[in-house]
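Its first residue numbered 1073, the sequence shown is counted upward by one per residue in our numbering.
Heads up, the beta-carbon is just placed ideally off N, CA and C, and yes, glycines get one too.
Read the structure below first, then the notes.
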Amino acid sequence: MPASIEEQRELLRAFYRAKERLNRLLPPQPLPLFEEEWAALDPDQVTAALREALAAWETYLKSLQ
């Protein structure tokens, strides 16, 4: 049974918050113009943010079932 609409909305908001956090970690494109920023990235921090966004998305999708 699907989750309530309110719960689905909150889960979707959680995904977008995680996605926004990931977007703030990544410098804009194209790469040659932001080479220093890309070199300064902490891969573990980006990976953690990506996993958080993915987990939030998966939780939202499960709420629809």
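Item: Rounded separation between P1115 and R1081 - CA only; Value: 30 Å
Item: Element boundaries [alpha helix (DSSP H), containing L1084]; Value: I1077 to L1097
Item: Three-state secondary structure assigned by DSSP to L1066; Value: With the chain covering 1073 to 1137 only, the question about residue 1066 has no answer from this structure.
Item: Own chain partners of Y1132 with C-beta closer than 6 Å, once the 5 adjacent residues on each side are dropped; Value: L1083, L1084 and F1087
Item: Test item: CB-CB of L1136 and A1121 under 8 Å; Value: no
Item: L1122 beta carbon near the ligand FMN (any heavy atom closer than 7 Å); Value: Within the structure as shown, the ligand FMN is missing, as the structure has no ligands at all.
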